[in-house]
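Residue numbers (the UniProt record's numbering), protein chains in the order written: chain A, 1 to 316; chain B, 1 to 277.
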């Protein structure tokens, strides 16, 4: 992997971020009611509206507004939330941190469950484990997060069971046990859905790899089944799985939005829905930009991991 | 016809076809099939479990859940099909034109789709709905637009293969117009992978549409849309599981049907990847 490849990918990342910011800004320009109307309500006097528009800079042409926002955003200043009058940067980063914790826990859990599941199903193709996995993964792929989340909430957080709190959040530093209990249901929901995706992919890669020439060669050399699977097949099946996990970060982001809404978890997804409902343009832009950048970075990381694991791939 | 017979021999395809046929039947004739008035209140039978009178139980007003699901099938399934059709048609057209023309047009269009695909599709749909306002039809449009870049990518990559075939060169040598070459030579030959992808996308569309309604950004009350039914049931979550479980199961069954059908179609139309179950 050469330095110029890395530079090109980073430049490409910057281009993507720029285009995403343009799209986000363009969409918010189409909003039927602007923020001043939202803040003051429908009975505001025209003078008050004009004054607030001027103070928020909403009276300037769109291109000037975008230029101002971009210039400040590059310096890390995302403006002031129109809903709470707090600076957007710190509050969105705090929310992002909480969501990242949900996402990281879910991904860890998924890797621990999905990869062994896929390997077992792939090596014993047609067996009961394989059939069971394919039925369960079809269900997981076909069940939207909000349905599973609501059902879990009804079964495990009801007053009669009360295994987990139904909603809210506690910081880790305050009470680690309460923090984990608050995150349990969101994480379980995300992990089940993602496991369905990833175990299916690992299984089909495993099936392909076990039929390839180098695996047959390893078998003919007299290696045990265990050695063939762990030293030869698994490693090669991991490459596509990494790409799928990176692509599933896109799913994960969508899932995080839904799950945070169901469990009232104060993460970036909930901030985003609030921003949409309140036409909070700076918050919406910052949130969407951070999510899109996360997705782009995950894809870049997948490419790099791919190259590191497979020496045949040479990025120029 | 040949495809259909091959599909029926494929276990996934046959199961998917049967499920989808059942779902389409319910979606088209749902209101006629509903045993009760979906809006009628029965205060004597609130939160009832399944019984002879209410086969799938009732909700917090005592409304018959089976009737509501059957009537709601129309707004959920047909609208999801419409959303997929919009995204597939627009994406296929953009992808084929981009792939065939190549050069600067291709470069610009593909960079643009890359940027759009860098936005997770639910987030993208949410942003479009923020601009258009919340309604069922706007949700359909938002999902269609969100699907377009992905479909364009697939159609383009197929076009790049088809473009190099002799019959395209022959058409070019005959001096056919761009519209003819794209419409009559390339589009028909890219249709199979596009249909496979489109079928799987229907499952996505159903789930996304229900999710948007659940978030309050799609269908509005008192519509018996399945996602909205679950959102409304949240206020009565701990009284009875049926108002959540029944629409949830309906969404899952439709999505499983289209996922199976899509996988079956892929196996049948592209035998080389037959093992990727």
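We put the CB at the ideal spot given by N, CA and C, even for glycine.
Owing to the predicted nature of the structure, the values given are computational and were not obtained by experimental measurement.
Check: Based on DSSP bridge pairs, tell me the residues matched to residue 87 of chain A.; Outcome: A/80
Check: Reducing DSSP to helix, strand and coil, say where residue 76 of chain B ends up.; Outcome: helix
Check: Can you give me the Cβ contacts of residue 274 of chain B inside the same chain, cut-off strictly under 8 Å, excluding the 5 residues immediately before and after it?; Outcome: With a pLDDT of only 38 at residue 274 of chain B, under 50, the local geometry of the prediction cannot be trusted, and the value read off the model is given with reservation. Excluding residues within five positions, the ones whose Cβ falls inside 8 Å are 267.
Check: Go through its chain and collect everything with a Cβ distance to residue 260 of chain A's Cβ below 6 Å, but skip five positions before and after it.; Outcome: 267, 269 and 270
Check: Just verifying my parser: in three-state terms, what is the DSSP assignment at residue 58 of chain B?; Outcome: strand
Check: I'd like to know whether the C-beta of residue 148 of chain B is nearer than 7 Å to at least one C-beta of chain A.; Outcome: no
Check: Using the C-alpha atoms, what's the distance from residue 284 of chain A back to residue 246 of chain B?; Outcome: 34 Å
Check: Starting from the beta carbon of residue 288 of chain A, find every residue of chain B whose beta carbon is closer than 8 Å, and list them in chain order.; Outcome: 119, 123 and 127
Check: Going by beta carbon distance, what residues of the same chain come within less than 6 Å of residue 264 of chain B, once the five residues before and after it are set aside?; Outcome: 7, 10, 12, 13 and 16
Check: Note down, in chain order, every chain B residue with its Cβ under 9 Å from the Cβ of residue 5 of chain A.; Outcome: Near residue 5 of chain A there are no residues of chain B at all, since even the closest Cβ is about 17 Å away, more than 9 Å.
Check: Mind listing the chain A neighbours of residue 248 of chain B? Cutoff is C-beta to C-beta under 7 Å, in chain order.; Outcome: 147 and 151
Check: Would you call the stretch 232-241 of chain A and the stretch 79-96 of chain B in contact, with 3 or more CB pairs under 8 Å?; Outcome: no
Check: CA-CA distance, residue 128 of chain A and residue 138 of chain A?; Outcome: 15 Å
Check: Against chain A, with Cβ distances strictly below 7 Å, would residue 279 of chain B count as a contact?; Outcome: This structure cannot settle anything about residue 279 of chain B, because the visible part of chain B is limited to 1 through 277.
Check: Are residue 218 of chain B and residue 139 of chain B touching if we call contact CB-CB under 7 Å?; Outcome: yes
Check: When the distance is taken between beta carbons, is residue 74 of chain B closer than 7 Å to residue 30 of chain B?; Outcome: yes
Check: Contact criterion: CB-CB distance below 7 Å. Does residue 271 of chain B meet it with respect to chain A?; Outcome: The predicted model places residue 271 of chain B with a pLDDT of 48, which falls under 50 and marks its position as unreliable; any figure quoted below should be read in that light. Cβ-Cβ to chain A under 7 Å: no for residue 271 of chain B.
Check: Listed in chain order, which residues of the stretch 7-34 of chain B have Cβ atoms closer than 7 Å to some Cβ of chain A?; Outcome: none
Check: Please state whether DSSP places residue 248 of chain A in a helix, a strand or coil.; Outcome: helix
Check: Here's the rule: buried if 16 or more other CB atoms are within 10 angstroms of the residue's CB, otherwise exposed. What is residue 99 of chain B?; Outcome: buried
Check: Applying the criterion that 16 or more other CB atoms from any shown protein chain within 10 Å of the CB defines a buried residue, is residue 308 of chain A buried or exposed?; Outcome: exposed
Check: Name, please, each residue of chain A whose Cβ falls closer than 7 Å to the Cβ of residue 244 of chain B.; Outcome: 150, 151 and 154
Check: In the DSSP output, what is residue 64 of chain B paired with across the bridge?; Outcome: B/58
Check: Kindly indicate which three-state DSSP category residue 4 of chain A falls into: helix, strand or coil?; Outcome: helix
Check: Can the beta-carbon of residue 144 of chain A be found less than 7 Å from the beta-carbon of residue 58 of chain B?; Outcome: no
Check: Could one say the Cβ of residue 241 of chain B lies closer than 7 Å to chain A's Cβ atoms, at least one of them?; Outcome: yes
Check: Quick one: which chain A residues come within Cβ less than 7 Å of residue 211 of chain B?; Outcome: 144, 146 and 258
Check: Using a beta-carbon distance below 7 Å, is residue 84 of chain A in contact with chain B?; Outcome: no
Check: Between residue 262 of chain B and residue 84 of chain B, is the Cβ-Cβ spacing less than 7 Å?; Outcome: no
Check: For residue 253 of chain A, collect the residues of the same chain with a Cβ closer than 6 Å to its Cβ; drop the 5 residues on either side in sequence, then sort them by chain order.; Outcome: 291
Check: Does any residue of chain A have a CB that is nearer than 7 Å to the CB of residue 204 of chain B?; Outcome: no
Check: I think residue 194 of chain A touches residue 110 of chain A, with their Cβ atoms under 8 Å apart; what is that distance to the nearest whole Å?; Outcome: 5 Å
Check: Tell me the DSSP secondary structure of residue 284 of chain B in three-state form.; Outcome: Within the shown structure, residues of chain B are numbered from 1 to 277, placing residue 284 of chain B beyond reach of any answer.
Check: Report the neighbours of residue 136 of chain A on chain B: residues whose CB is nearer than 7 Å to its CB, in chain order.; Outcome: Residues of chain B passing the Cβ test: none, with the nearest at roughly 12 Å.
Check: Would a check of beta-carbon distances place residue 230 of chain B closer than 7 Å to chain A?; Outcome: yes
Check: Going straight from the alpha carbon of residue 119 of chain B to that of residue 58 of chain A, what length do you get?; Outcome: 26 Å
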